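Trainee: So for the sequence shown, numbering that gives the first Met the number 0 puts the first residue at 0; every next one is plus one. This is the structure, below, for whatever I ask next.
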Amino acid sequence: MRHVICALSLLLCLAPAIQAKTSLTLIIQFENRHSQESFDAMKSELQVLMKDVAIDWRLLEEMQAGESFPDLVVVKFKGACLMERLPSYLIDERGPLAFTHTAEGQVLPFSEVECDKVRQAIHSAMWGDEYKHADALLGRALGRVLAHELYHVLEHTKKHEKEGVNRSGLTGRQLISDRRP
Ligand SMILES: [Zn+2]
Numbered sequence: 000m001r002h003v004i005c006a007l008s009l010l011l012c013l014a015p016a017i018q019a020k021t022s023l024t025l026i027i028q029f030e031n032r033h034s035q036e037s038f039d040a041m042k043s044e045l046q047v048l049m050k051d052v053a054i055d056w057r058l059l060e061e062m063q064a065g066e067s068f069p070d071l072v073v074v075k076f077k078g079a080c081l082m083e084r085l086p087s088y089l090i091d092e093r094g095p096l097a098f099t100h101t102a103e104g105q106v107l108p109f110s111e112v113e114c115d116k117v118r119q120a121i122h123s124a125m126w127g128d129e130y131k132h133a134d135a136l137l138g139r140a141l142g143r144v145l146a147h148e149l150y151h152v153l154e155h156t157k158k159h160e161k162e163g164v165n166r167s168g169l170t171g172r173q174l175i176s177d178r179r180p
């Protein structure tokens with residue numbers, strides 16, 4: 000927990016310097032278990048959606064003391080980031096799939112993704128053979144959710160666009176569909 004607080008206080012200083020540039024470091028923290036297949040699918044989906052940005056993925060737990068990066072966003076993945084059968088009553092469907100912290104009206108480079116809520120949203124949108132590729136589809140959904148949050152961070156805005164992954168209220172179907180929203 001101490002690392003998160005350190006990272007966050009550092010980010011508060013760096014926040015105004017972040018621009019939509021060509022390279023971006025994402026510092027990832029999984030709070031719970033995750034599927035490597037989902038993680039890999041998330042990376043490729045995000046790279047397609049942000050094709051003009053060279054994304055450097057780093058795990059918070061592997062960071063060395065004293066490392067610094069010009070443009071970074073910390074992303075915490077909460078809940079279990081893998082598809083498996085869990086009693087559905089354990090999952091609270093309410094609330095957003097992800098959010099990005101703000102302070103005094105400014106968007107901060109610190110996002111949180113609610114894996115349990117994303118899982119719930121896509122599970123009820125799946126059909127047929129999609130269940131066989133559930134972890135890959137979870138990764139695709141997480142990539143779209145993450146692209147949405149990074150849009151808020153990089154554009155310094157709480158607003159949404161009318162189309163695409165930056166619209167508000169993406170449905171479970173839009174998160175996993177072969178056709179990007
Ligand atoms: Zn949003």
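No residue lacks a Cβ here, since even glycine has one placed at the ideal position from N, Cα and C. Being a predicted model, the structure only gives us computed values, none of them experimental.
1. Looking only at its own chain, which residues have a Cβ that is under 6 Å from the Cβ of Ile27, when we skip the five neighbours before and after it?
2. Considering only heavy atoms of ligand 1, does any lie closer than 7 Å to the CB of Ser167?
3. Whole angstroms is fine: what's the gap from Leu68's alpha carbon to Gln105's?
4. According to DSSP, simplified to helix, strand and coil, what is Val47?
5. Take the Cβ of Gln35 as the centre, count every other Cβ of all protein chains shown within 10 Å, and call the residue buried at 16 or more, exposed below.
6. Which of the three DSSP states, helix, strand or coil, is assigned to Glu195?
7. Measuring only from the beta carbon, is Leu100 closer than 7 Å to any heavy atom that is part of ligand 1?
8. In the DSSP assignment, the beta strand (DSSP E) including His100 goes from what residue to what residue?
9. Is the beta carbon of Leu45 closer than 8 Å to that of Ala146?
10. Please name the residue in Glu30, Phe38, Leu25 and Asn31 whose C-alpha comes closest to that of Asp134.
11. Tell me whether Lys161 is buried or exposed, calling it buried when 16 or more other Cβ atoms sit within 10 Å of its Cβ.
12. Does the beta-carbon distance from Ala40 to Arg139 come in below 8 Å?
13. In the DSSP assignment, what residue or residues form a beta bridge with Glu113?
14. From Lys116 to Met82, what distance separates their C-alpha atoms?
15. At what residues does the alpha helix (DSSP H) containing Arg139 begin and finish?
16. Taking the Cβ atom as the reference point for each residue, do Lys184 and Glu30 lie within a distance shorter than 8 Å?
Mentor: Taking the geometry as given:
1. Leu58 and Val74
2. Yes.
3. According to the sequence shown, residue 68 is Phe rather than Leu. Distance between Phe68 and Gln105, taken at the CA atoms: about 20 Å.
4. For Val47, the three-state secondary structure derived from DSSP is helix.
5. exposed
6. This structure leaves residue 195 out entirely; the chain is present only between 0 and 180.
7. Note that residue 100 is His in the sequence shown, not Leu. No - ligand 1 has no heavy atom lying nearer than 7 Å to the Cβ of His100.
8. Ala97 to Ala102
9. yes
10. Phe38
11. exposed
12. yes
13. DSSP, once it has assigned bridges, lists Lys77 as partnering Glu113.
14. 12 Å
15. Ala133 to Leu153
16. As displayed, the chain neither begins before 0 nor continues past 180, which places residue 184 out of reach and without an answer.
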